[in-house]
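Below you'll find the structure, written out as structure tokens, and then a few comments.
In UniProt numbering, the protein residues as written are 1 to 301.
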């Protein structure tokens with residue numbers, strides 16, 4: 001079969017979306033007090049706590065969801081003690097929690113898609129939480145009852161851009177393999193780096209999944225076309241977001257340069273990504289406006 005017959009005729013489309021969160025919910029307005037309480041850090045100075053409260057207030061988020069509960073943290077004191085080895089404890093918890101959460105989101109996406117899970121051809125899974133073999137992709141396939149012949153792809157340790165990396169892979173698979181239906185699934189649990197206070201704990205837990213495919217068939221309802229999927233790396237900027245796995249979990253070191261780096265480059269990246277499309281002629285980019293063709297939204301990971 002020549003390459004033109006193997007390729008799909010159209011662009012990859014998002015055919016369904018599903019999300020999931022753990023049951024433990026903390027209101028954003030209470031998070032700073034909750035965090036300092038569960039980490040037994042209320043004796044520390046108020047400056048850091050006040051800073052966290054300001055972040056929470058300005059975030060426009062009303063709730064946070066976590067896998068870890070106060071009961072779990074009390075029973076595993078090594079998780080909040082920076083001087084105690086805790087990597088094994090974290091890995092043991094994440095080994096089951098991540099696949100279960102990601103499967104919950106994936107099941108919702110497949111249900112919305114309206115076709116059997118056995119018609120998924122390529123699961124592409126991304127997670128920053130834990131590292132195991134077999135990986136989350138293996139366990140997800142078992143939990144969902146996917147066919148043994150599915151072509152699994154697992155992306156570990158891609159940090160905040162893990163979801164976009166999975167989308168790029170899915171777009172290539174869907175457009176270059178006629179009839180492929182790709183399940184993109186991503187989940188992260190902050191337990192991987194949860195510990196006593198520092199300035200990096202502004203995240204929460206959740207999972208998302210989409211079904212991606214080209215040339216929709218009867219019964220499929222495309223929600224978005226994936227026009228472009230690209231990545232730009234800033235030269236000599238590896239230090240801006242560094243991390244390593246240590247005995248007390250994953251230690252992350254974000255740089256203060258990140259906001260300015262994004263601000264100085266985001267418009268160029270958007271313009272380059274859309275250059276091959278009809279929107280490439282737009283010369284002035286502006287903040288997202290409902291119904292505006294030249295609006296865009298960014299996630300600054």
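All C-beta atoms, glycine included, are put in the ideal place defined by N, C-alpha and C.
Excluding its 5 nearest sequence neighbours in each direction, residue 38 has C-beta neighbours in its own chain below 6 Å: 70, 73, listed in chain order. Rounded to whole angstroms, the separation of the alpha carbons of residue 211 and residue 185 is 9 Å.
Using a 10 angstroms sphere on the CB of residue 145, the tally of other CB atoms stays under 16, which defines it as exposed. When the Cα atoms are used, residue 85 and residue 56 turn out to be separated by approximately 29 Å. Counted as a single uninterrupted DSSP element, the alpha helix (DSSP H) harbouring residue 99 occupies residues 87-113. DSSP places residue 155 inside the beta strand (DSSP E), whose first and last residues are 153-156. In the assembly as shown, residue 263 is an exposed residue. Its beta-carbon has fewer than 16 other beta-carbons within 10 Å. By the neighbour-count criterion, in which 16 or more other beta carbons inside 10 Å mark a residue as buried, residue 134 falls on the exposed side. Proximity to residue 180 across 231, 250, 121, 150 peaks at 121, based on C-alpha coordinates. Burial is judged here by how many other beta carbons sit within 10 angstroms of a residue's own beta carbon; residue 217 has fewer than 16 and is exposed.
Spanning the alpha carbons of residue 277 and residue 137 requires a straight line of approximately 33 Å.
Contact between residue 20 and residue 204 does not hold, since the beta-carbon distance rounds to 13 Å and is not under 8 Å. Taken atom to atom, the span from the alpha-carbon of residue 93 to that of residue 127 is near 14 Å.
Annotation: the continuous alpha helix (DSSP H) that includes residue 162 extends over 162-176. In the three-state reduction of the DSSP assignment, residue 69 falls in the coil class, being assigned neither a helical nor a strand state.
Cβ-Cβ distances below 7 Å link residue 265 to 234 in the same chain, with the five nearest sequence neighbours on each side left out; the list follows chain order. Of the other Cβ atoms in all chains shown, 16 or more fall within 10 Å of the Cβ of residue 64; this residue is therefore buried.
Three or more Cβ pairs closer than 8 Å define a contact, and the region 166-178 meets that threshold against the region 8-20. At the C-beta level, residue 87 and residue 245 come within 8 Å of one another. In the structure shown, residue 253 adopts extended strand secondary structure according to DSSP, grouped into three states. Per DSSP, the unbroken alpha helix (DSSP H) holding residue 142 starts and ends at 136-144. Assigned with DSSP and collapsed to three states, residue 261 falls in helix.
Annotation: the continuous alpha helix (DSSP H) that includes residue 54 extends over 46-58. For residue 212, the uninterrupted beta strand (DSSP E) run begins and ends at 206-214, by DSSP. When the alpha-carbon of residue 30 is set against those of 62, 18, 46, 6, the nearest one is in 62.
DSSP, read as helix, strand or coil, puts residue 247 in coil. Rounded to whole angstroms, the Cβ separation of residue 131 and residue 156 is 5 Å, and the two are in contact under 8 Å. With a threshold of 16 other beta carbon atoms within 10 Å, residue 255 falls short and is exposed.
Taking the C-beta atoms as reference points, residue 150 is found no nearer than 8 Å to residue 116.
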